[in-house]
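Student:
Numbering (my numbering), first residue to last: 2 to 227.
(1) I'd like the span of the beta strand (DSSP E) that includes residue 117, first residue to last.
(2) Sorted by chain position, which residues of the same chain lie with C-beta nearer than 6 Å to residue 13's C-beta, five sequence neighbours on each side aside?
(3) Buried or exposed: residue 93, going by 16 or more other Cβ atoms within 10 Å of its Cβ?
(4) Can you give, in chain order, each stretch of the alpha helix (DSSP H) that sits fully within the stretch 88-166 and has at least 4 residues?
(5) By DSSP, does residue 209 sit in helix, in strand, or in coil?
(6) Within the continuous alpha helix (DSSP H) that includes residue 67, where are the two ends?
(7) If we ignore side chains and look at the alpha-carbon of each, how far apart do residue 4 and residue 173 end up?
(8) Who does residue 222 pair with in a DSSP beta bridge?
(9) If you check the beta carbons only, do residue 30 and residue 110 fall under 7 Å apart?
(10) Please classify residue 213: is it buried, with 16 or more other beta-carbons within 10 angstroms of its beta-carbon, or exposed?
(11) For a quick check, are the C-beta atoms of residue 60 and residue 106 less than 7 Å apart?
(12) Our contact map puts residue 91 next to residue 75 with C-beta atoms below 8 Å; I'd like the distance itself, whole angstroms only.
(13) Could you give the DSSP three-state label for residue 22: helix, strand or coil?
(14) Go ahead and label residue 175 buried or exposed: buried means 16 or more other beta carbons lie within 10 angstroms of its beta carbon, across all protein chains shown.
(15) Can you tell me the Cα-Cα spacing of residue 27 and residue 149, whole angstroms?
(16) Tell me residue 195's beta-bridge partners as DSSP assigns them.
(17) Do residue 123 and residue 8 have their C-beta atoms within less than 7 Å of each other?
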C-alpha cells in the first residue's frame, strides 16, 4: 500500500465543506490557523487577463519527508502505507518538523500541546476499512480522489493514467504524493494556467520517482500507526 491523493483543483468552488468536514471528523481545534486542510487563492494571469486559481492543500505525505528525519523523539514517523503520522504523546513541541516542512502543513494543537497535521483520516476511517477521507466524501464537486497508488485497479491510478498533473515544490526533493490535475482538453489553457517553470508529469514519468523514493524510505514504514 502507498496512499496518495489527486486534486482536480479547477473544480474547487471554495465552499469550505472539506475544511469543516475535516475538523468535525478528526476533532481538529477550531480556528482559521488550526487547519489540517485549507484552500489557497493564487492570483495568476491567463491570456493576459487577471485570474484567481483555487488550490486545495494539506500535508503532501512526502515519500522522502524531511519532517520525519528532523524529529528528535520519533513523534513524526511513516505509518502504514507511507502516511506521514504524528504521535502527540511523543511530541515535545520543538517545532523542528514545522520548520522542515516546505508546505506549511503543520500547526500547534493547543488542546494536546502538540503538533498536528493531516493523516488521511487514518484514525477515523482507514483503520475501519474505509478507503476514503472526510474531505473527499464531503466535496460537492469531487475535487479529491484518495487511494492506493500501488493498486493498479484503484480509482486514483486510473485517474492519474488519464490526466497530466504537477506536484508542489518538487525542487525540495520531498517526492510529494498530492497530485494537482491539469485542465483537460485544452493544452494551451493548461500551459497558461500554471507557472512557466512548472514541470508537468504523466503517471509514466512520475512513477519511477515514486518507486525510487519508496525504496529509500520503505524500511522506516511501521506496520501499524500509534
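Using N, Cα and C, we set each Cβ at its ideal position, and we do this for glycine too. All values reported here derive from a predicted model rather than from experimental measurement.
Tutor: On the basis of the coordinates in this document:
(1) For residue 117, the enclosing beta strand (DSSP E) begins and ends at 115-117.
(2) The beta carbon of residue 13 sits closer than 6 Å to those of 55, 57, 144, all from its chain and outside the five residues before and after it, given in chain order.
(3) In the assembly as shown, residue 93 is an exposed residue. Its beta-carbon has fewer than 16 other beta-carbons within 10 Å.
(4) Within the stretch 88-166, the complete alpha helix (DSSP H) segments at least 4 residues long are 97-101, 135-139, 156-163, listed from N- to C-terminus.
(5) Correct three-state label for residue 209: helix.
(6) Run containing residue 67: 67-71, per the alpha helix (DSSP H) assignment.
(7) The straight-line gap from Cα to Cα measures roughly 20 Å.
(8) Bridge partners of residue 222: none, in fact.
(9) Between residue 30 and residue 110, the CB-CB gap stays under 7 Å.
(10) When all chains shown are included, residue 213 counts as exposed.
(11) In this structure, the beta-carbon distance from residue 60 to residue 106 falls below 7 Å.
(12) Separation of the CB atoms of residue 91 and residue 75 is rounded to 6 Å, and the pair is thereby assigned contact status at 8 Å.
(13) The three-state secondary structure of residue 22, taken from DSSP, is helix.
(14) Under this definition residue 175 is a buried residue.
(15) One Cα belongs to residue 27, the other to residue 149, and the distance between them is close to 21 Å.
(16) Residue 195 pairs with nothing; no bridge assigned.
(17) Contact: no.
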